[in-house]
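Trainee: My questions all concern the structure below.
Numbering (the UniProt record's numbering), first residue to last: 1 to 554.
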């Protein structure tokens, strides 16, 4: 079927549904198993629904279902990727098809990085009016059937809910049933999908007219009250934020104020001025919905995309509360899910472009300290996958080291950790530096709901003990301790802790000799692992009775 497989290549593809008939006729099908997300939503701290402003990203690029529709990847050069997952809370995949099922590669990448993914249910223009008349004016049975199908689809493909966008006028009968439909859909999604969400887009009013309000008010509040959140339109002014905050009351974090990065219409700031909009939104304690951040790729071009992307997100970082990793093992090669080559154990195994977001690794924080340090993605060299993490910076005169915070952690520390690090020093004098890991902790039981970037100082700072060889029994898993190659250096460490919680994992770059000059360094990180010794020692379950089906050689 052309819905499930690309007609040119026969490869499995992600798809959308058009119209009410296709939605109501949808059934799970053995051909669409490729579309089911294979990555559960990773836990995070603080939890999504904590009392702090959230950040939603709404991805809308040239109609959607581009190269990202190829579930097993494609040979795309310079594709669009998103990797600042630590800074956002919700990812919406948007298109103008009636039912936008997020391509599974996005769900896999987002879930690995603790971010839930929403699809879009949209009706618009005259066809939208007819569609709404059919299912909303039809009464409880008709709108209940639509709600049930949308909840089933989210559960089947293992994404996390829906953005609902009714962009057409409604009859009195239809608009009367709309809050009931939203309540029904929200209840069904909550019961079908753990942590599921339904968010309403600011469009239709309680009298059925289509008029964007750019705020929460009495004309659209009934829809906000019936679901998990409101995503406002983009042409707001400061007084509207003030009114919204007042009306939302304790639910102010459930209002996602729209920011169009393309800056269409009368807006406060888009492009590289998006921070102006975010500054105001945060002053009122509201959440933000960043629409079409693909502007960086579409407007500024593919060539310097990664540098421009880092510049864009670092300009917003002070307004984006980050979330922490709260489970082990933590293991990453920093791959973006794309590359110009495929590397394995530091060797370029296969030249040629590739793109597969399902293969994206857990992404770190991307700290920037103007002039002192930059963190970026390096496609020219990697330990495993398509890219490594490049740290560039200077050690100031008289100082011996610089610390680069890679991950914020928030979990009880196990009694014993193993850590591994693969790195490569570049530049004229790589032997002038050493590279090591640092773990910070605080007293057990401390738990913060606020922004982890503004936490009190850690009260424990540890440099794990270097192991010249892995302990017996773990030699296979920690083979990294022996196998630096192709210029990569490998290090293995252990750390014993008592009654404390993990807080940060950083890389420390130090000078071998003190110096009155400032010294520049470039270091590539190829892999970092943090393992709980107790769970590593347990041998994994055996895999039994593997079967292969639907084999077709062409």
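From the three backbone atoms N, C-alpha and C, an ideal C-beta is built for every residue, glycine too.
Note that the coordinates shown come from a computational prediction; the quantities given were computed from them, not determined experimentally.
(1) With DSSP collapsed to three states, give me the class of residue 339.
(2) To the nearest angstrom, how far is it from the Cα of residue 449 to the Cα of residue 85?
(3) So, is residue 273 buried or exposed, given that buried needs 16 or more other C-beta atoms within 10 angstroms?
(4) Using the Cα positions of residue 18 and residue 196, report the straight-line distance between them to the nearest angstrom.
(5) Return yes when the Cβ of residue 137 is within less than 8 Å of the Cβ of residue 174, no when it is not.
(6) How close, in whole Å, do the beta carbons of residue 229 and residue 256 come, if the pair is a contact with beta carbons under 8 Å?
(7) Compare the C-alpha of residue 143 against each of 176, 216, 169 and name the closest.
(8) What's the call for residue 238, buried or exposed, on a 16-neighbour Cβ count within 10 Å?
(9) Hey, could you find the ends of the alpha helix (DSSP H) residue 315 is sitting in?
(10) Report back the beta-carbon spacing between residue 320 and residue 493 to the nearest angstrom; my notes put them in contact at under 8 Å.
(11) With three or more C-beta pairs closer than 8 Å as the rule, is the stretch 537-546 touching the stretch 409-427?
(12) For residue 60 versus residue 34, is the C-beta distance shorter than 8 Å?
(13) Helix, strand or coil for residue 465, going by three-state DSSP, please let me know.
(14) Can you confirm whether the stretch 260-268 touches the stretch 213-222 when touching is taken to mean that 3 or more C-beta pairs between the two stretches lie within less than 8 Å?
(15) Below 8 Å, how does it come out for the stretch 103-112 and the stretch 35-51: are there three or more Cβ pairs, yes or no?
(16) Can you tell which of 355, 130, 280 has the C-alpha that lies nearest to the C-alpha of residue 82?
(17) Does the stretch 347-354 come close enough to the stretch 432-442 to have 3 or more Cβ pairs within less than 8 Å?
(18) Alpha carbon to alpha carbon, how far is residue 116 from residue 160? Give it in angstroms, no decimals.
(19) What are the uninterrupted segments assigned as beta strand (DSSP E) that are 3 or more residues long and contained completely in the stretch 25-91, given in chain order?
(20) Compare the C-alpha of residue 236 against each of 289, 372, 89, 466 and name the closest.
(21) According to DSSP, is residue 125 part of a helix, a strand, or is it coil?
(22) Pick helix, strand or coil for residue 255, following the three-state DSSP scheme.
(23) From residue 460 to residue 156, what distance separates their C-alpha atoms?
(24) Does the stretch 512-529 come into contact with the stretch 424-431, if we say contact requires no fewer than three beta-carbon pairs (one atom in each stretch) closer than 8 Å?
(25) How far does the beta strand (DSSP E) with residue 435 in it reach, from first residue to last?
(26) Taking residue 254 and residue 291 to be in contact with their CB atoms under 8 Å, please state how far apart those CB atoms are, rounded to whole angstroms.
(27) Hey, residue 170 and residue 132: beta-carbon distance below 8 Å or not?
(28) Are residue 413 and residue 497 touching if we call contact CB-CB under 8 Å?
(29) For residue 106, report the span of its alpha helix (DSSP H) as first-last.
(30) Just to confirm before moving on: does the CB-CB distance between residue 528 and residue 406 stay below 8 Å?
(31) Indicate the three-state DSSP secondary structure (helix, strand or coil) for residue 151 in the structure shown.
(32) Measure the Cβ-Cβ separation of residue 486 and residue 346 and say whether it is below 8 Å.
Mentor: Reading off the structure:
(1) Three-state DSSP puts residue 339 in a strand.
(2) Only weak support is given to the placement of residue 449: the predicted model assigns it a pLDDT of 49, under 50, and the question is left unresolved by the model.
(3) Per the 10 Å Cβ criterion, exposed.
(4) Taking the straight line from one Cα to the other gives about 23 Å.
(5) In this structure, residue 137 lies closer than 8 Å to residue 174 by Cβ.
(6) Indeed, because the Cβ distance is near 6 Å, the residues count as touching under 8 Å.
(7) Looking at the Cα atoms, 176 is the closest of the given residues.
(8) Exposed, because fewer than 16 other Cβ atoms sit within 10 Å of the Cβ of residue 238.
(9) Per DSSP, the continuous alpha helix (DSSP H) segment holding residue 315 begins and ends at 305-316.
(10) Beta-carbon to beta-carbon, residue 320 and residue 493 are separated by about 31 Å, too far to satisfy the 8 Å threshold.
(11) Here the stretch 409-427 does not lie against the stretch 537-546, with fewer than 3 beta-carbon pairs under 8 Å apart.
(12) No. Outside cutoff.
(13) Correct three-state label for residue 465: strand.
(14) Inter-segment contact for the stretch 213-222 and the stretch 260-268 is absent: fewer than three beta-carbon pairs are separated by less than 8 Å.
(15) By the Cβ criterion, the stretch 103-112 is in contact with the stretch 35-51, since at least three pairs of Cβ atoms, one from each stretch, lie closer than 8 Å.
(16) Answer by Cα proximity: 355.
(17) Touching, no.
(18) Going by the C-alpha atoms only, they are around 6 Å apart.
(19) Taking only runs of at least 3 residues, the beta strand (DSSP E) segments lying wholly in the stretch 25-91 are 55-59.
(20) Nearest to residue 236 by C-alpha distance, out of 289, 372, 89, 466, is 289.
(21) The answer is helix: DSSP assigns residue 125 an H, G or I state.
(22) Of the three classes helix, strand and coil, the one that applies to residue 255 here is strand, per DSSP.
(23) Taking the straight line joining both Cα atoms gives about 45 Å.
(24) Taking 8 Å as the limit for Cβ pairs, the verdict is that the stretch 424-431 does touch the stretch 512-529.
(25) Going by DSSP, residue 435 is part of the beta strand (DSSP E) stretching over 433-443.
(26) The pair is not a contact, with the Cβ atoms about 18 Å apart (cut-off 8 Å).
(27) In this structure, the beta-carbon distance from residue 170 to residue 132 falls below 8 Å.
(28) The answer is yes: Cβ separation under 8 Å.
(29) From DSSP, the alpha helix (DSSP H) with residue 106 extends over 104-112.
(30) Yes, these two residues count as a Cβ contact at 8 Å.
(31) DSSP places residue 151 in helix when its eight states are reduced to three.
(32) Cβ distance < 8 Å, so residue 486 and residue 346 count as in contact.
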